[in-house]
Amino acid sequence: CGLGEEKGRGEEEKEKKREMRGKTERSERWQQLGLQHLCFLQ
Numbered sequence: 001c002g003l004g005e006e007k008g009r010g011e012e013e014k015e016k017k018r019e020m021r022g023k024t025e026r027s028e029r030w031q032q033l034g035l036q037h038l039c040f041l042q
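Note that our numbering gives residue 5 to position 5 of the sequence shown, counting from 1, and the numbers run on in steps of one.
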């Protein structure tokens, strides 16, 4: 059980990091494209 919990926790952290990375990449892409109207979606 302990190993499973640790693995699950690690997966969650990976997902969070991936999510944050995706958000930053998306925001940077928006800034590059100059699509300011997309800021309202955040």
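For each residue, glycine too, the CB sits at the ideal point set by N, CA and C.
Collapsing the DSSP output to three states places Gly-8 in a helix.
As the crow flies, the alpha-carbon of Glu-11 is around 15 Å from that of Arg-21.
Assigned with DSSP and collapsed to three states, Gly-34 falls in coil, not helix or strand.
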